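Written below as C-alpha cells is the structure these notes are about.
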Amino acid sequence: MKKLLLFILFLFWLLPGWATHIVGGEFGLKYVSGATYQVTLNMYFDKINGNPGAIDPVITASIFEKGTNRRMGDFNMSNPSITPVAYTSVVCTSGSLSTDKVVYTRNIELPAALFNSQNGYYLVWERCCRNGVINNILNPGAAGQTFYLEFPAVSRNGQAFINSSPELFQPVSDYACINELFYYEFGGKDPDGDSLVYEVMTPLNGNSNQLDPAPLALPGPYIPVLWTAGLGTNNQIPGNPTLTINQQTGQLRVLPTQLGLFVFGIRCSEYRNKVKIGEVRRDYQMLVLNCPRNEKPGIKLKTGGATTYYKEGDVITIGPNDNRCFQLFMTDPDANEVLTVEARGVNFNLTEKILSISGGLVNRNGIPDTLTSSACFKPCLDSKGKPFMVDFIVGDDGCSLPKKDTVRVSFVFVPEPDEPPVISTSAPAALLNAKVGELVSFDVLGTDADKDEITLSVKARNFDLASQPIKFTPKTGTGSVTSPFNWQIDCGALSQASYILDFTATTTKCGTPVTSTTSIEVNLASEVPVTFIPANIFTPNNDGLNDYFQMPTLPPDFCKSVFSDIKIYNRWGGLVYKSTDRTFKWDGKSVSEGVYYYVITYTDKEFKGTVTKVR
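Counting in UniProt numbering, the sequence shown runs from 1 upward without gaps.
Written as C-alpha cells, this is what we have:
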C-alpha cells in the first residue's frame, strides 16, 4: 500500500501541468488572405500561485462543426510568447497579484470546400487547472477551462464570407477594493464593423482534470464550473451591486462585498445585419482586497472675473470679444495625491488642447492646497447657437482604481463675424468681344473687410485653361490683392465661339473657406467675309498705267485661310502663268490679246474669274 501511494505521488510529481495556474483567456481568429486565418490563444497565468512548468510548450486545438459536432480537424500551436499584464496604475502594484499573458499563434487553412456549413463552427482547447484559491467555485484546483470561440462558414451562396472574430481589450492586473466600486472597460472592437453584444456567462469547465490536464478536446456541449452556494451566472461575485457588464460597451462594474479571488466569464457575440455569426468567450479573475481608504477628489470652475463657482445647469455665453479662458480648481482630501485633469466634449468633438496643465501634486506632506489649471477655447469655436457641453474630469492616483469627479459645463460660443470677400475686375463689361490678334487684358481685385488673408484664383468653366495662352497668377494678400489677366487671342481660340472664366476670391476663417466669384465671358468674332472686286482687264503697253494683272485687294491670310497660289489658263485650258506670291504681277507678254481664266487658291477656298489682255 505504501509503495502504491509513493507511486501515485511520483506520478503527480511528474505532472507539473496539473499545477493550478489558469487565470483565464480566450481565442481569436483573424482573416489573413484567401483561405488563410490566424489563430491566437491568449492564456492568463497566475505568477503567484501557478507553477511555471505548467505553461505548455505545445498545445493542440480542435475545430468542430456546430449542429453535428463533427470533428473538422486538430492542429498544434507552439512556442508561446510570455509578457506581464500591466496595472492601470503602476503605484497600485500588489505583491499578491501578478499575471502573465501567454500567447500562442498559428496560421491555419479554412478552405471553402470544407468550411461551408451554415451551422458554423467552434474552436476549442481544454486545459486544467484553475487557481486552487478561487473562492466562488467548487473544487477550483481541479476545475479546468474550456477556451471556446464560434465562427461562421467561410463561404455563403458560393461567395466568400470574410470574417474575423472580435478583438477584446487587453485585461489588466488591477484588483478591486472591498466596498468600493470597481469598473473596467472589458469591451473590444470588431475588424469587420460587426455589432458586438456582451453578457456575463458561467465559465466552462469541460473535460480536463488533474489526471488528464490537457486532453484532446471532445465535442461540445461542455459542462460549466460549479458555483458556491448563493452564487450563479448573474451573481458571480458577491457584491452590491454584483458583477454586471454593459451590453453595448463591455464595461464591467461591481461593488464587491467580500474579500477573495473570484473567477468570472464573459461572452462577446458578433452580429452582422442583425444575425449572430460568432462569439468569443473570455474567463478572467478578480482579486478583492482590503485597501486603504481613498477619498474622492473634487473639481470646480470659475469664469473670468467671477467671484462664485460655476453652477451645473447654467449656460455660459461667450461672445467674440469675451475672455475665453476659465479657471479650474482641484482638491483632494488625501495627502500627497497626484491629480490628473482632462476635458471631454459631451455633445461635440473636442479635438483641441484647451488645458494649461494635465495634472500635479496636491497636499504635499499633508499640507492642504489646491491645484489650478486654466481652460482656454479658441476663437473659432462656434456652437451654432446651441449649448456645447464639456466635462472637466479630475482623477487621483488612488488604488485600486483612480477616483474621479466631474463638472459638466454648458457653453454657447459666438464666433467672430466674418464678412465674405469682394471680387471685381477692371474689364469694361462682363461680356467681352474679341478677335484673333487682339489682347484681352484687365486686373482682378479681391478685398476683405475683415482684413483676412485673401487668395485670387481662376477656373475655366467651359474649356481647358491650359489650352489657351492665358496669363494669370493666383496671388495671396492680406485685406486686398490684385493680379493682372492677359490673353493674346490666337487662331487656337477659334475652336469655340465663347469662353467663360470664373474668378474667385477666397478667405479662410476658422478652417472654413469663404468665397466670392465673378465671371467674364469672352466671345470671339469669326472671320469676316471679304468681298473684293479684282481687275478684269489690263493693257501691257508700257504707258505706266495698268501694265500688269495684279490683285492688291486679295483677302488677307486668316488663321487657317492662307493664300496658296494663282494659276492663269487660256481658253483651251493651258496653263500660261502660275505664282505663289500674293503680290504677283503678270505682264502677259508671252500670250496674245484675249480672255484668260484665273484660279486663286487658299488653303480653305478658291476664287475664279476672267481677265482680258488688251493692247
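Ideal placement from N, C-alpha and C gives every residue a C-beta, glycine not left out.
Since the structure is predicted, the reported quantities are computational estimates derived from the model, not experimental observations.
Annotation for V614: no beta strand (DSSP E) segment contains it, and DSSP assigns it neither H nor E. In the DSSP assignment, the residues bridged to Y284 are F264. Straight across, the Cα-Cα distance linking Y577 with D565 is about 10 Å.
Each residue's CA atom was taken as its position, placing L465 and A493 some 11 Å apart.
The region 418–428 and the region 436–444 touch, with no fewer than 3 CB-CB distances between them shorter than 8 Å. In this structure D604 is in contact with K560, their Cβ atoms being roughly 6 Å apart against a cut-off of 8 Å. In this chain, P402 is not harboured by any beta strand (DSSP E), its DSSP state being neither H nor E. By the neighbour-count criterion, in which a residue is buried when 16 or more other Cβ atoms sit within 10 angstroms of its Cβ, P320 is exposed. Rounded to whole angstroms, the Cβ separation of S208 and R127 is 6 Å, and the two are in contact under 8 Å. Around R71, the same chain offers S62, F64, P219 as residues with beta carbons nearer than 7 Å, after the five sequence neighbours per side are excluded.
Bridge pairing for S483: V444 [DSSP]. Residue nearest to V85 within the set S173, T580, G265 is S173 (criterion: CA-CA distance). Between the alpha carbons of G144 and W125 lies a gap of roughly 10 Å.
Within the DSSP bridge table, the entry for T512 names K509 as partners. Contact between P379 and V315 fails: their C-beta atoms lie close to 19 Å from each other, not under 8 Å. Following the DSSP letters along the chain, one finds V32 inside the beta strand (DSSP E) bounded by residues 22–33. Within the same chain, R344, V346, T406, R408 come within 6 Å of D391 by CB-CB distance, once the 5 residues on both sides are set aside.
A contact is defined here as three or more CB-CB pairs under 8 Å, and the region 292–300 fails this definition with respect to the region 254–268. Excluding residues up to 5 positions away in sequence, I299, V341, E342, A343, R344, K404, D405, T406 lie with their Cβ nearer than 8 Å to the Cβ of I393 in the same chain. For the 8 Å CB-CB criterion, T105 and V23 do not form a contact. Taking C-beta separations shorter than 7 Å and ignoring five residues to either side along the sequence, the partners of I470 in its chain run W487, following chain order.
When the five nearest sequence neighbours on each side are left out, the beta carbons in the same chain lying within less than 8 Å of the beta carbon of T508 are those of D452, E453, V514, in order along the chain. Taking the C-beta atoms as reference points, I245 is found nearer than 8 Å to E199. Bridge partners of R106 according to DSSP: V39. Take P292, set aside five residues on each side of it, and the residues of its chain with a beta-carbon closer than 8 Å to its own are C399, in chain order. A straight-line Cα-Cα distance of about 52 Å links L149 and N365. A check of alpha carbon separations from N570 across V611, T583, T455 identifies V611 as the nearest. Taking 8 Å as the cut-off, the Cβ atoms of K608 and Y596 do not count as close. The beta carbons of N131 and N205 sit no closer together than 8 Å. With fewer than three CB-CB distances shorter than 8 Å, the region 105–118 does not count as touching the region 233–241. Cβ atoms of P203 and D283 come within 8 Å of each other, at about 4 Å.
Taking a contact as a CB-CB distance under 8 Å, the pair L287 and L261 counts as one, their CB atoms being some 5 Å apart. When the alpha-carbon of F329 is set against those of N119, A375, Q247, the nearest one is in A375.
R71 sits in a strand when the DSSP states are folded into three classes.
Note that the C-beta distance between T228 and N136 is below 8 Å.
In this structure E337 is buried. Its beta-carbon is surrounded by 16 or more other beta-carbon atoms within 10 angstroms.
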